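Participant: When the letters of the sequence shown are read in order and numbered with this note's numbering, they come out as residues 361 to 562.
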Amino acid sequence: MIELLSKIFKPDDLEAMERLAGIKSRNTGLSYDFYISQIFEVLRTRHNAVVGDIPDHELRGIISIVDIVGVESHGLMKRLASACLGCGWCCAQTKSIHVFPDDVDRISRKLKQKKEDLFELRAGQWFMKQANPCRWWNQRTGRCSIYNIRPRTCRDWPLAENLEHKHTLVAAADCHYSVGVMVFKVLGTLALVRGDSSSPVL
361 MIELLSKIFK
371 PDDLEAMERL
381 AGIKSRNTGL
391 SYDFYISQIF
401 EVLRTRHNAV
411 VGDIPDHELR
421 GIISIVDIVG
431 VESHGLMKRL
441 ASACLGCGWC
451 CAQTKSIHVF
461 PDDVDRISRK
471 LKQKKEDLFE
481 LRAGQWFMKQ
491 ANPCRWWNQR
501 TGRCSIYNIR
511 PRTCRDWPLA
521 ENLEHKHTLV
531 AAADCHYSVG
541 VMVFKVLGTL
551 ALVRGDSSSP
561 VL
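(1) Reducing DSSP to helix, strand and coil, say where V459 ends up.
(2) Per DSSP, which one or two residues make a beta bridge with C504?
(3) May I have the straight-line CA-CA distance separating L445 from L552, to the nearest angstrom?
(4) Would you list, in sequence order, the uninterrupted alpha helix (DSSP H) runs of no fewer than 4 residues that lie entirely inside the stretch 395-459?
(5) I believe P511 touches D463 by the beta-carbon criterion, under 8 Å. Please report the beta-carbon distance rounded to the nearest angstrom.
(6) What are the boundary residues of the beta strand (DSSP E) that includes L481?
(7) Taking only the alpha-carbon atoms, compute the straight-line gap between E418 and I362 and give it to the nearest angstrom.
(8) Along the chain, which unbroken stretches of the alpha helix (DSSP H) at least 4 residues long are found entirely within the stretch 522-562?
(9) Does the beta carbon of F460 come closer than 8 Å to any beta carbon on chain B?
(10) Taking only runs that begin and end inside the stretch 361-391, name each unbroken alpha helix (DSSP H) of 4 or more residues, in chain order.
(11) Since I believe C447 is in contact with C504 (beta carbons under 8 Å), could you give me their beta-carbon distance rounded to a whole number of angstroms?
(12) Between the C-alpha atoms of V402 and I467, what's the straight-line distance to the nearest angstrom?
(13) One question on the structure: do I425 and M377 come within less than 8 Å of each other, judged by their Cβ atoms?
(14) Could you check whether the stretch 531-541 touches the stretch 388-403, counting it as contact only if at least three pairs of C-beta atoms, one from each stretch, sit closer than 8 Å?
(15) So the beta strand (DSSP E) W486 belongs to, where does it begin and stop?
(16) Please report the distance separating the alpha-carbon of F460 from that of G412.
(17) Between V546 and I423, is the Cβ-Cβ spacing less than 8 Å?
(18) How about A381 and I428: do their beta carbons lie closer than 8 Å?
(19) If we count the other Cβ atoms within 10 Å of its Cβ and call it buried at 16 or more, is R379 buried or exposed?
(20) For R469, count neighbouring C-beta atoms within 10 Å of its own C-beta (all shown protein chains included) and say buried if the count is 16 or more, exposed if not.
(21) Relative to the C-alpha of L440, which candidate in Q453, D516, P371 has its C-alpha closest?
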């Protein structure tokens, strides 16, 4: 059990969270381990004054638990928007982009194209037909050509809806925004554990 977190979580809850973190790691595989490693490296290199006294295995455990605890909010994402580099990784590297029905209708209507030409229906869910890279991402400028009418999935990135329709952070190791949000959450959790009421700084 991660001793440091036992200051804010009951032992039974902490054990359950550790089990869930292990399940997520096993189910997601190497990409998730790489994500945790990226966050770990940022914490060790940029915030060692805060995390320096925490053993490596415990810090990795804390990161994994913080990842599964709580629901992400749009407010938090707006507050941390400066962590986004505007690099276009999410536009160029995302393998499949889920699109909500209202987005399908709105974008098709605004672009005056049939929705079937732009999107495809798979197992009752809409997806962009060309998603890697996104057909609307301009590789030369790094910008979205339909930015003002872009899908909710793009507006919400790096948040995604889970099966319970709650927002969760996308574990994308190469996305500075996603890693930055997790670093902020870990620093906030450690501040809570240590009784520090100041807000973490990225």
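For glycine and all other residues, C-beta sits at the position ideal for the given N, C-alpha and C. Computed from a predicted structure; not experimentally measured.
Facilitator: Taking the coordinates as given:
(1) strand
(2) W497
(3) 28 Å
(4) 408-411, 416-428, 434-439, 449-453
(5) 4 Å
(6) 479-482
(7) 6 Å
(8) 536-553
(9) Absent from the structure: chain B. Only one protein chain is present.
(10) 371-388
(11) Not confirmed; about 13 Å, so no contact.
(12) 38 Å
(13) yes
(14) yes
(15) 485-488
(16) 43 Å
(17) yes
(18) yes
(19) exposed
(20) exposed
(21) D516
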